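Sequence lines, in order, name chains V and W. Count along the first sequence from 1, then add 251; that gives the number in this note's numbering. Count along the second sequence from 1, then add 108; that gives the number in this note's numbering.
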Amino acid sequence: EPEVTQTPSHQVTQMGQEVILRCVPISNHLYFYWYRQILGQKVEFLVSFYNNEISEKSEIFDDQFSVERPDGSNFTLKIRSTKLEDSAMYFCASSPQGVGNIQYFGAGTRLSVL
Amino acid sequence: AQSVTQLDSQVPVFEEAPVELRCNYSSSVSVYLFWYVQYPNQGLQLLLKYLSGSTLVESINGFEAEFNKSQTSFHLRKPSVHISDTAEYFCAVSALRGSQGNLIFGKGTKLSVKP
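Given below as structure tokens:
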């Protein structure tokens, strides 16, 4: 069964460093999403991506964050200058269509900012 | 804007007992409703969803949820749980219009099934 793959499973970085979290969505899907979950808190929507551009983003997704689909298969989330509060589990998801469709989630990348 | 409340952060039950995981939502627009499950060290998996039609929806592994518009609830139930149902369960909503389907989640409920 096709699945969403995220790498790495755990990323440790120093505050102020740039990190790139990688995701390989399911191949025929058109909509892509990033969510995050700070320990003990809700899973929060960050950004959605469709047709090679951001279609929606939350207020969390500020100028420190960017997303890219560099080669038609990978979908990346970049954090330019990490802060302690960026420590969280980051989930990538993809969907064949948008509203009302099932989103398929990866297992997540745990980001630890020291 | 939408919000989802899952009042119970942890629910311990014995095997073969019934369980109800509560979910209430708030929204100024019509929404789709979802339950996702997360087993240890895995991603979120869709358990069931309500889009339209019958307000009672069922999953293949015996869970069901009922959409109650007047109470803005979408509680998850199972008449007899198994050890393998131990997981974290997330209720989520998605606006019918004005979004690309992004999900708004509750905080999750950890279901712990004991022998």
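For each residue, glycine too, the CB sits at the ideal point set by N, CA and C. Note that the structure is a prediction, hence the values are computed from the model and not measured.
>> Classify Ala109(W): buried if its beta carbon has 16 or more other beta carbons within 10 angstroms, exposed otherwise.
In response: exposed
>> On the DSSP bridge list, what partners appear for Ile305(V)?
In response: Phe300(V)
>> Please give the ranges of any beta strand (DSSP E) in the segment 304 to 357 of chain V, keeping only runs that are unbroken, at least 3 residues long and fully inside the region.
In response: 304 to 308, 316 to 319, 326 to 330 and 339 to 346
>> To be precise: take each residue of the segment 204 to 216 of chain W, compare its Cβ to all Cβ atoms of chain V, and keep it if any distance is under 8 Å. Which residues remain?
In response: Leu204, Arg205, Ser207, Gln208, Gly209, Asn210, Leu211, Ile212, Phe213, Gly214, Lys215 and Gly216
> What does Glu307(V) reach in chain W if we use C-beta pairs closer than 8 Å?
Replying inline: Ser207, Gln208 and Asn210
> Got a sec? Which residues, its chain only, sit under 6 Å from Pro276(V) by beta carbon, not counting five neighbours each side?
Replying inline: Val255, Phe283, Phe326 and Ser345
>> Please return the same chain residues whose Cβ sits closer than 6 Å to the Cβ of Gly267(V), not counting the five positions on each side in sequence.
In response: Ser332
> Any beta-carbon of chain W closer than 8 Å to the one on Phe316(V)?
Replying inline: no
> When you check each C-beta in the segment 129 to 162 of chain W against every C-beta of chain V, which residues fall closer than 8 Å?
Replying inline: Tyr140, Tyr144, Asn149, Gln150, Gly151, Leu152, Gln153, Leu154, Lys157 and Leu159
> Just curious, the beta strand (DSSP E) that His190(W) is in, first and last residue?
Replying inline: Counting along the chain, His190(W) falls outside any beta strand (DSSP E), and DSSP gives it neither H nor E.
> For Phe175(W), which residues in chain V fall below 8 Å Cβ to Cβ?
Replying inline: In chain order: nothing, as chain V lies at least about 14 Å away.
>> Do Leu204(W) and Val139(W) count as a contact pair if the criterion is CB distance below 8 Å?
In response: yes
>> Please state the DSSP three-state secondary structure of Leu365(V).
In response: coil
> How far does the beta strand (DSSP E) with Gln288(V) in it reach, from first residue to last?
Replying inline: Tyr282 to Gln288
>> Per DSSP, what are the beta-bridge partners of Tyr226(W) in this structure?
In response: No statement about residue 226(W) is possible, as the shown extent of chain W runs from 109 to 223 and does not include it.
> What whole-angstrom Cβ distance do Pro223(W) and Glu123(W) have, given they're in contact under 8 Å?
Replying inline: 5 Å
>> Quick check: Leu159(W) and Ala173(W), are their CB atoms within less than 8 Å of each other?
In response: no
> So which of Thr258(V), Trp285(V), Thr264(V) and Glu295(V) has the shortest CA-CA distance to Phe198(W)?
Replying inline: Glu295(V)
> Expressed to the nearest angstrom, what Euclidean distance is found between the alpha-carbon atoms of Phe142(W) and Asp314(V)?
Replying inline: 30 Å
> Does the beta carbon of Phe198(W) sit closer than 8 Å to a beta carbon anywhere in chain V?
Replying inline: yes
>> Could you tell me the alpha carbon to alpha carbon distance between Asp322(V) and Asn279(V), rounded to whole angstroms?
In response: 14 Å
> Any Cβ of chain W within less than 8 Å of the Cβ of Phe312(V)?
Replying inline: no
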